[in-house]
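The block underneath contains the structure these notes are about, expressed in structure tokens.
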Amino acid sequence: MRRSDKKLDDREVVESLLIEEKIGRIGTCGPNGPMIKPVNFLYLNGDIYFHSSYEGEKMEHIKADPRVVFEIERDCRYLPAKNAPCEASFAYSCVIIRGRAELVEKPEEKIKIFTALMSKYQPEGGYGRFNEKMVKKTAVVKIVVESISGKTSPVK
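Residues 0 to 155 (numbering that gives the first Met the number 0) are what the sequence shown spells out, left to right.
Pasting the structure below:
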């Protein structure tokens, strides 16, 4: 990282960001080049999980090359310039993960992830039970984290 003064190396803060944020972005690469897509996700036991259709560009990329990048950010705010245009900036915190994507195959593992995702996004419950058809037709992708870095630029 070029700006070591912006490095976010407090593991608890990084993990808190990953647990609390609602939307992440997964970057993949395929025959037509790189692509990035927003996903809702779960950070669990040091890895990232998200659900998807088995079809589509994102899954085609993952099947062809499981190397991925994943990113989240929080508190992005524009800080206007006071004197010179180059003084304008942004306040933010972000986490970038590099890893390998793999499909979760076992139905009981998929149900565990679906349940945890629903608990994150709908903690009040009321979403019913997962049926076999739903579990079978929906992909669960696990990003096995290989490296993780954080960066922050607080309001000055």
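Just so you know, even glycine gets a beta-carbon here, dropped at the ideal spot from N, CA and C.
Check                                                                                                                                                                      : Outcome
Could you tell me if Gly55 is buried or exposed, where buried requires 16 or more neighbouring beta carbons within 10 angstroms of its beta carbon?                        : exposed
Which of the three DSSP states, helix, strand or coil, is assigned to Ala90?                                                                                               : strand
For Asn44, which option in Glu14, Glu19, Arg24 has the closest C-alpha, if you only look at C-alpha atoms?                                                                 : Glu14
Considering Phe113, what are the terminal residues of the alpha helix (DSSP H) in which it resides?                                                                        : 106 to 120
Unbroken beta strand (DSSP E) runs of length 3 or more, entirely within the segment 32 to 109: which are they?                                                             : 32 to 39, 41 to 43, 46 to 52, 66 to 78, 88 to 102
What's the gap between the Cα of Gly29 and the Cα of Val67?                                                                                                                : 11 Å
From which residue to which residue does the alpha helix (DSSP H) around Lys135 run?                                                                                       : 131 to 136
Say whether the segment 138 to 146 touches the segment 87 to 100, bearing in mind that this needs 3 or more beta-carbon pairs closer than 8 Å, one atom from each stretch. : yes
Take the Cβ of Thr27 as the centre, count every other Cβ of all protein chains shown within 10 Å, and call the residue buried at 16 or more, exposed below.                : buried
Can you tell me which of the three DSSP states Glu20 falls into?                                                                                                           : coil
Compute the distance between the beta-carbons of Leu16 and Ile112, then report whether it is under 8 Å.                                                                    : no
Between the Cα of Glu104 and those of Ile25, Pro33, His50, Ile18, spot the shortest distance and give me the residue it belongs to.                                        : His50
Would you tell me roughly how many angstroms separate the C-alpha atoms of Arg10 and Lys150, rounded to the nearest one?                                                   : 12 Å
Compute the Euclidean distance between the alpha carbons of Pro37 and Glu59, then round it to the nearest angstrom.                                                        : 16 Å
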